[in-house]
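Just add 11 to the spot in the sequence shown (first one is 1) and you have my numbering.
Glycine is no exception: its CB is placed at the ideal position from the N, C-alpha and C atoms.
Given the structure is predicted, the values throughout are model-derived calculations rather than measurements.
What follows is one structure encoded as structure tokens, with my remarks underneath.
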Amino acid sequence: MNPVTPALSHSLLAAASSVAAVESGQSLTEALADVHPDLRPAAQALAFYAMRHWGMAKALRRTLVEREPPSATMYALIGLSLLLLDASIRAQEETPAEGTPIYGAHTLVDQAVQATQWHRSTASFKGLVNAVLRRFQRERADILAKVANDLEAKWNHPKWWIESLQKTYPQDWQALLVAANTHPPLTLRVNVRATTREAVLQAFSEQGIQATAFGEAGLVLQVPRPITSLPGYAQGWWSVQDAGAQLAAPMLDVKDGMQVLDACAAPGGKTAHLLELAKVDLTALDVDAVRLERVHQNLKRLGLMRRGIRLVAESAIKTHVWWDGKPFDAVLADLPCTASGIVSRHPDIRWLRRAQDVQQTAKLAREILDSLWSVVAPGGKLLMVTCSIFPEEGEKQAQAFAARHAQAERLSAPGQLLPHLPDAEHPAGYDGFFYALFTRKA
12 MNPVTPALSH SLLAAASSVA AVESGQSLTE ALADVHPDLR PAAQALAFYA
62 MRHWGMAKAL RRTLVEREPP SATMYALIGL SLLLLDASIR AQEETPAEGT
112 PIYGAHTLVD QAVQATQWHR STASFKGLVN AVLRRFQRER ADILAKVAND
162 LEAKWNHPKW WIESLQKTYP QDWQALLVAA NTHPPLTLRV NVRATTREAV
212 LQAFSEQGIQ ATAFGEAGLV LQVPRPITSL PGYAQGWWSV QDAGAQLAAP
262 MLDVKDGMQV LDACAAPGGK TAHLLELAKV DLTALDVDAV RLERVHQNLK
312 RLGLMRRGIR LVAESAIKTH VWWDGKPFDA VLADLPCTAS GIVSRHPDIR
362 WLRRAQDVQQ TAKLAREILD SLWSVVAPGG KLLMVTCSIF PEEGEKQAQA
412 FAARHAQAER LSAPGQLLPH LPDAEHPAGY DGFFYALFTR KA
């Protein structure tokens, strides 16, 4: 196998293995980390495409495979290959959407069959894969007609998710699902402690990289590139951060000398933004020590690690363990949630979540909010943030919090931001976020 341009069969098998891991409950990011580095870029592209179209893949599998094979990887390979085969045939009829992997139909069938031979546990499924793909080629029109009214196949989200959006957003649910299936742009936030946006734009321009400014310090790239190849990465000139997430830190209006807490801080985008805005004493708190190390590395790259910054690996609920009793002037509560607002960037999320997860994460978030409120100074602020579009994790949570705490005065904040595709007014677009800002009455 050529390590630079791996055979399609190897990439298909690696992607199928990753998709199978998602179907068993593992995140796609974790699954892809186990793929050989030479295969990872191609496998990632294929797996991400699959996750954005997995509702269709599942419907096609149910129609064409009478008995699910005992190998989860083979079942995933069949679903992935059917998607790619349909895309290759469709490309002969219409212009494919950006990012669609296109292969010749003959090559694809041949390589999918060949993929079964690369592992002892999958070698016996060669005939099954060949038969399913050949049948789809012969009967494609009839098979697609059979699944045309399948809700998951049409919108590529779980049925419960679609029905929840239909109920909550009767006018917008279709647009939300379309946005979730659209590959988002690469957006950056310039580190104003290290440079200026004008200097970054100039450096990009000199290398032929087109970027558009938005907001206070944002940039959106017209053509995404590997971030480590962009000018200024090693120098800490910028961070990758969605346009909607860039709204968070400025809402707390931090000033030099303030005591600031960033709870559930990993991977550290909002932590860094707070430190770029003012010279504050900051505690970054996260229950996951491994993810907290990413915060440390990001702050080092950005030149923001200094005295007065603490990184604490602990649960936000256990204030008796990590809090020294000195109240915080500003608290950023980036709460755990279903992440339903960021599925365009993480398309596996929709297939990992279950309907009951919404209530379970909302319960955990409620406990964290109540704990964090106890550390806010009189006159201080708490910003509630989620990357969710489900109201149980957003507006309903904020209203319940205000009802529980008489001293909590709600201030102006955006509330629910629904995912927005790029346009003339919003060149970067943004993911789905919820923001609620409170101050503790003195």
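{"Item": "Contacts around residue 1, its chain only, beta-carbon distance under 8 Å, and the 5 residues preceding and following it disregarded", "Value": "Nothing can be reported for residue 1, as the shown portion of the chain is limited to 12 through 453."}
{"Item": "Cβ neighbour criterion (16 or more within 10 Å) applied to residue 81", "Value": "exposed"}
{"Item": "When 413, 417, 124 are compared against residue 19, the one with the closest alpha-carbon", "Value": "124"}
{"Item": "Nearest residue (CA-CA) to residue 436, options 410, 400, 224", "Value": "224"}
{"Item": "Beta-bridge partners of residue 392, as assigned by DSSP", "Value": "341, 450"}
{"Item": "Within 7 Å, strictly: CB atoms of residue 278 and residue 305", "Value": "yes"}
{"Item": "Heavy atom of the ligand FAD within 6 Å of residue 429 beta-carbon", "Value": "Annotation note on the ligand FAD: not contained in the displayed structure, which lists no ligands."}
{"Item": "Integer Cβ distance of residue 421 from residue 449, believed to fall under 8 Å", "Value": "6 Å"}
{"Item": "Contiguous beta strand (DSSP E) assignments of at least 3 residues, all confined to the stretch 110 to 187", "Value": "none"}
{"Item": "For residue 441, the residue or residues it bridges with in DSSP", "Value": "431"}
{"Item": "Alpha carbon of residue 367 to alpha carbon of residue 100, nearest angstrom", "Value": "38 Å"}
{"Item": "Distance between residue 51 and residue 66 (C-alpha atoms, nearest Å)", "Value": "24 Å"}
{"Item": "Rounded Cβ spacing between residue 176 and residue 187 (contact assumed at less than 8 Å)", "Value": "6 Å"}
{"Item": "Residue 426 in three-state terms, based on DSSP", "Value": "strand"}
{"Item": "DSSP beta-bridge partners of residue 320", "Value": "293"}
{"Item": "Three-pair Cβ contact test at 8 Å for the stretch 289 to 305 versus the stretch 403 to 422", "Value": "no"}
{"Item": "Collapsed DSSP secondary structure at residue 420 in the structure displayed", "Value": "strand"}
{"Item": "Residue range of the unbroken beta strand (DSSP E) whose run includes residue 225", "Value": "222 to 225"}
{"Item": "Sufficient close CB pairs (3 or more, under 8 Å) joining the stretch 57 to 66 to the stretch 160 to 174", "Value": "yes"}
{"Item": "Backbone CA spacing between residue 237 and residue 416 [nearest angstrom]", "Value": "46 Å"}
{"Item": "Per-residue DSSP class, three states only, for residue 30", "Value": "helix"}
{"Item": "Inter-residue spacing [alpha-carbon to alpha-carbon] between residue 287 and residue 41", "Value": "30 Å"}
{"Item": "Through-space distance from residue 361 to residue 398, alpha-carbon basis", "Value": "13 Å"}
{"Item": "At least three beta-carbon pairs within less than 8 Å, the stretch 265 to 276 to the stretch 205 to 221", "Value": "no"}
{"Item": "As assigned by DSSP and simplified to three states, the class of residue 13", "Value": "Low confidence applies to residue 13: its pLDDT is 41, below 50, so where it sits in the model is not reliable, and the reading given next is rough at best. In the structure shown, residue 13 sits in coil (DSSP, three-state: anything other than H, G, I, E or B)."}
{"Item": "Residue 229: first and last residue of the uninterrupted alpha helix (DSSP H) it sits in", "Value": "Residue 229 -> not in any alpha helix (DSSP H); beta strand (DSSP E) instead, spanning 229 to 232."}
{"Item": "Sequence-distant residues of the same chain with beta carbon closer than 6 Å to residue 451, five excluded per side", "Value": "387, 389, 391, 418"}
{"Item": "Helix, strand or coil at residue 371 [DSSP, three-state]", "Value": "helix"}
{"Item": "Candidates 374, 378, 341: closest to residue 473 by CA position", "Value": "Since the first and last residues shown for the chain are 12 and 453, residue 473 lies out of range."}
{"Item": "Distance between residue 355 and residue 193 (C-alpha atoms, nearest Å)", "Value": "6 Å"}
{"Item": "Residue 21, buried or exposed, once every other Cβ within 10 Å from all chains shown has been counted against 16", "Value": "buried"}
{"Item": "At least three beta-carbon pairs within less than 8 Å, the stretch 201 to 213 to the stretch 243 to 256", "Value": "yes"}
{"Item": "Reference residue 137, options 424, 88, 111, 57, closest by Cα", "Value": "88"}
{"Item": "Environment of residue 434 [buried if 16+ CB atoms lie within 10 Å]", "Value": "exposed"}
{"Item": "Pairwise C-alpha distance: residue 151 and residue 343", "Value": "52 Å"}
{"Item": "Which listed residue (327, 256, 254, 221) has its alpha carbon closest to that of residue 272", "Value": "327"}
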